[in-house]
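Asks: If you scroll down you'll find the structure; I have some questions about it.
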Amino acid sequence: MPRFAANLTMMYNEYAFLDRFAAAARDGFKAIEFLFPYDFLADELKVRLEANGLTQALFNAPPGDWAAGERGIASLPGREDEFRRSIDTALDYTRVIGNRKLHVMAGLIGADESSARHRDVYLENLAHAAKAAQADGVTVVIEPINQRDIPGFFLNRQDDAQAICAEVGAPNLKVQFDCYHCQIVEGDLAVKLKRDMAGIGHIQIAGVPERHEPDIGELNYPYLFELIDTLGYDGYIGCEYRPRAGTSAGLGWLRPYLHNAR
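Okay, so the sequence shown: first residue is 1 according to full-length UniProt numbering, each after it adds one.
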């Protein structure tokens with residue numbers, strides 16, 4: 001049976017961020033994820049996790065200037081030193097918070113920029129990140145993201161992500177398989193899960209196309225959850241969706257799985 005992590009960036013927005021931990025725990029979640037921890041002290045977040053019996057499944061490395069529209073710096077030429085510092089910062093947080101998955105965002109590429117140059121920088125930076133993370137037992141994950149939600153995002157397809165991981169060759173570099181993004185870009189999720197499971201380090205879900213609860217939209221998630229179990233995935237599945245109304249009120253889809261949460 002699958003294990004789910006509430007995404008506190010998108011879910012429980014009825015509460016201040018630090019109060020979302022308790023709200024998720026009350027609803028039966030045993031794990032959480034979010035985009036970024038860096039507005040808070042790591043020790044402060046650790047207290048919230050421990051007080052509510054929660055495991056941190058994942059967060060993202062610093063993405064550059066998010067408020068200005070940046071969406072990662074891993075593939076950006078000229079930002080290599082900044083990227084290395086960002087990995088140091090992220091790993092400082094993982095050592096306190098305890099997660100063993102770290103998402104590194106690729107960043108944006110302009111229409112007039114060299115894809116080959118971005119890819120070279122991306123490979124070099126990912127090799128550095130994986131090597132730095134390996135000492136702490138952390139797996140670095142990269143995520144293909146659809147260009148409808150993030151126009152110009154450098155990495156969009158599952159096969160490209162798997163090829164990049166293979167070329168880097170680090171055992172702790174894997175793909176974050178977001179079912180929502182994959183359905184929009186490629187579809188055929190079951191075949192891709194079967195093809196790529198050995199290289200998948202984290203899975204996320206949301207309804208398609210509106211990114212609401214996973215029981216709304218065009219994907220048959222009960223079938224996919226059973227398939228994911230059959231394929232031997234034992235990590236958390238991140239619930240990275242925007243609740244249609246109140247978060248707790250929309251969790252009817254989760255109740256059949258709560259007895260397995262741990």
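Where is the CB? At the ideal position from N, CA and C, for every residue including glycine. Bear in mind that the values here come from a model prediction, so they are computed numbers and not experimental data.
Is the beta carbon of lysine 131 less than 8 Å from the beta carbon of histidine 202?
Replies: Cβ distance not < 8 Å, so lysine 131 and histidine 202 don't count as in contact.
Asks: Answer with buried or exposed for serine 75, where buried requires no fewer than 16 other C-beta atoms within 10 angstroms of its C-beta.
Replies: Buried: at least 16 other Cβ atoms inside 10 Å.
Asks: If contacts are defined as beta-carbon pairs under 8 Å, then isoleucine 32 and alanine 57 qualify, I think. What distance do you get, rounded to the angstrom?
Replies: Yes, isoleucine 32 and alanine 57 are in contact; Cβ-Cβ is about 7 Å, under 8 Å.
Asks: Let me confirm a value: serine 115 is counted as buried when at least 16 other C-beta atoms fall within 10 Å, else exposed. Which label applies?
Replies: So serine 115 ends up on the exposed side.
Asks: Output needed for leucine 189: all residues of its chain with C-beta closer than 8 Å, excluding positions within five of it in sequence on either side, in chain order.
Replies: Around leucine 189: Cys179, Cys182, Gln183, Leu219, Leu224.
Asks: Give me, in chain order, the residues of the same chain whose beta-carbon lies closer than 8 Å to that of lysine 46; leave out the 5 immediate sequence neighbours on both sides.
Replies: Only Val96, Ile97, Gly98 meet the Cβ criterion.
Asks: Under a Cβ-count criterion, where at least 16 other Cβ atoms within 10 Å of its own Cβ denotes burial, should phenylalanine 4 be classed as buried or exposed?
Replies: So phenylalanine 4 counts as buried.
Asks: Near threonine 247, what residues of its chain come up, given a Cβ to Cβ distance below 6 Å and the 5 sequence neighbours on each side ignored?
Replies: Met11, Tyr12, listed in sequence order.
Asks: Tell me the DSSP secondary structure of isoleucine 111 in three-state form.
Replies: It should be noted that the sequence gives alanine, not isoleucine, for residue 111. Three-state DSSP puts alanine 111 in coil, outside helix and strand.
Asks: Leaving out five residues before and five after leucine 54 in sequence, what residues of the same chain have Cβ atoms less than 8 Å from its Cβ?
Replies: Hits under 8 Å: Phe21, Ala24, Ala25, Phe29, Lys30, Ala31, Ile32, Arg48.
Asks: Would you mind working out which of Tyr93, Tyr241, Ala198 sits nearest glycine 235, comparing C-alpha positions?
Replies: The option with the nearest alpha carbon to glycine 235 is Ala198.
Asks: Please report the straight-line C-alpha distance between arginine 255 and proline 243, rounded to a whole angstrom.
Replies: Roughly 16 Å separates the two Cα atoms.
Asks: Look at asparagine 7 and glutamate 240 and say whether their C-beta atoms are less than 8 Å apart.
Replies: In this structure, glutamate 240 lies closer than 8 Å to asparagine 7 by Cβ.
Asks: Please list the segments of the beta strand (DSSP E) lying wholly inside the region 135–200, counting only runs of 3 or more residues, in order along the chain.
Replies: Counting only runs of 3 or more, we get 139–142, 173–178.
Asks: So, valine 138 versus lysine 174, is the Cβ gap smaller than 8 Å?
Replies: Contact flag unset, no.
Asks: Which of helix, strand or coil does DSSP assign to histidine 202?
Replies: DSSP places histidine 202 in strand when its eight states are reduced to three.
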